[in-house]
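In this note's numbering, the protein residues as written are 14 to 99.
The C-beta atom is built at its ideal place from N, Cα and C for all residues, glycine as well.
Remember, it's a predicted structure, so these values are computed and weren't measured experimentally.
This report concerns only the one structure given below.
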């Protein structure tokens with residue numbers, strides 16, 4: 014089975030039907046990469062919104078972050094791809 018953090022970093026991101034995009038990186042916008050760190054970048058297109066922040070590299074943390082801002086479709090896309098990887 015593949016590592017969750019490495020799985021997220023290996024993808025170019027996910028997009029939902031509303032143009033929201035989520036990608037993951039091993040570094041923030043201004044920071045050098047740190048061992049084991051994971052950053053979530055959510056772009057809501059032309060709507061005012063989005064976020065970038067460090068996040069725990071766990072499935073539960075990613076799910077909570079996306080569902081917490083109403084991005085169920087993005088979470089479902091990630092979950093689907095993850096299940097196909099296993």
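Supposed close pair residue i, residue j - CB separation, criterion 8 Å
i	j	result
residue 67	residue 51	7 Å
residue 15	residue 97	Residue 15 to residue 97, Cβ: 11 Å. No contact.
residue 82	residue 53	10 Å between Cβ atoms; not a contact.
residue 33	residue 85	With a Cβ gap of about 11 Å, residue 33 and residue 85 do not count as contacting.
residue 80	residue 65	With a Cβ gap of about 18 Å, residue 80 and residue 65 do not count as contacting.
Residues bridged to residue i (per DSSP)
i	result
residue 91	Paired residues: none, contrary to the question.
residue 28	34
residue 67	52
Within 7 Å, strictly: CB atoms of residue i and residue j
i	j	result
residue 63	residue 72	no
residue 24	residue 70	no
residue 27	residue 90	yes
residue 22	residue 37	yes
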